[in-house]
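Encoded as structure tokens, the structure appears first; notes follow it.
Next comes the structure, spelled out in structure tokens:
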């Protein structure tokens, strides 16, 4: 019986060397073709990815070209309106500490004036928006009118008195140039103690109402800052 014995990676022929040689050549041609097909497939897939990437870049670039340039609304105002807007923006930024910059305030005013709003009305509306912005230091006289539940104020502790409850850490009056308000620091808030005569800043102080009057309560979400600490004349 003529036979051809094969093992992985090795072929040993008996009696039919010519026939076995043809089988090996045939197998090698098949393997080479399969390798060629795999290479073609991989190149096609890579080329498809490149095409998709190229098309994506083209779409993004086209969107960038089609997007209109953003024009500062102040550039579209008349000289008189622009002068009024800049003047009022300066006044608002001087009155309200923190929050929006003067440039942002001026742009907001310009948008309103450009839409047909009178300068006076635009100023009042923008002023309320600035006050309501988180982090803006609100004049004490205005805290009742600000349409938010928490405000930031700064002033002098002008008076402290004995709390009426063990749940209260401190209670007193805070005053700035515009007015004064009562404040309550709750015991569980773990806030720093304040002293009479200190300038303090209450951040995220909760508004509370009693008999139609607005006061402030400092909770665990509030923060007390001392703006004048560390000044060289206090050392």
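In the UniProt record's numbering, the protein residues as written are 1 to 235. Built from N, CA and C at the ideal position, the CB exists for glycine as well. Computed from a predicted model, the values in this text were never measured in an experiment.
Sequence-distant residues of its chain with Cβ nearer than 8 Å to residue i (five each side left out)
{"i": "residue 216", "result": "143, 151, 153, 174, 181, 182, 183, 184, 202, 205, 206, 207, 208"}
{"i": "residue 214", "result": "143, 144, 181, 207, 208"}
is_contact[residue i, chain D] using C-beta, thresh 8 Å
{"i": "residue 114", "result": "Structure shown: chain D not included; a single protein chain is present."}
Closest residue to residue i among the options (Cα-Cα distance)
{"i": "residue 199", "options": "186, 110, 115, 155", "result": "155"}
{"i": "residue 218", "options": "211, 167, 228, 227", "result": "167"}
{"i": "residue 85", "options": "103, 97, 71", "result": "103"}
{"i": "residue 229", "options": "210, 195, 222", "result": "195"}
{"i": "residue 178", "options": "101, 137, 170, 197", "result": "137"}
{"i": "residue 115", "options": "170, 76, 159", "result": "76"}
{"i": "residue 133", "options": "225, 222, 149, 120", "result": "149"}
{"i": "residue 193", "options": "88, 210, 223", "result": "223"}
{"i": "residue 122", "options": "88, 158, 94, 101", "result": "88"}
{"i": "residue 172", "options": "226, 186, 157, 164", "result": "157"}
{"i": "residue 221", "options": "212, 188, 197, 211", "result": "188"}
Rounded straight-line distance, which links the Cα of residue j to that of residue i
{"i": "residue 145", "j": "residue 108", "result": "20 Å"}
{"i": "residue 105", "j": "residue 78", "result": "18 Å"}
{"i": "residue 110", "j": "residue 81", "result": "8 Å"}
{"i": "residue 170", "j": "residue 119", "result": "44 Å"}
{"i": "residue 124", "j": "residue 83", "result": "17 Å"}
{"i": "residue 72", "j": "residue 113", "result": "13 Å"}
{"i": "residue 131", "j": "residue 165", "result": "33 Å"}
{"i": "residue 117", "j": "residue 129", "result": "16 Å"}
{"i": "residue 190", "j": "residue 94", "result": "33 Å"}
{"i": "residue 259", "j": "residue 96", "result": "Absent from the structure is residue 259, since the part of the chain shown begins at 1 and ends at 235."}
Spatial neighbours of residue i in its chain, beta-carbon cut-off 7 Å, leaving aside the 5 residues before and after
{"i": "residue 127", "result": "92"}
{"i": "residue 67", "result": "Model confidence at residue 67 stands at a pLDDT of 48, short of 50, so the residue's coordinates are unreliable and nothing is read from them."}
{"i": "residue 186", "result": "167, 168, 169, 217, 218, 219"}
6 Å Cβ shell around residue i - same chain, five flanking residues per side excluded
{"i": "residue 162", "result": "none"}
{"i": "residue 147", "result": "132"}
{"i": "residue 141", "result": "178, 179"}
Cβ separation of residue i and residue j, assumed to be a contact under 8 Å, to the nearest whole Å
{"i": "residue 176", "j": "residue 139", "result": "6 Å"}
Within the segment 132–177, ranges of the beta strand (DSSP E) (whole runs, at least 3 residues) = 150–161, 168–175
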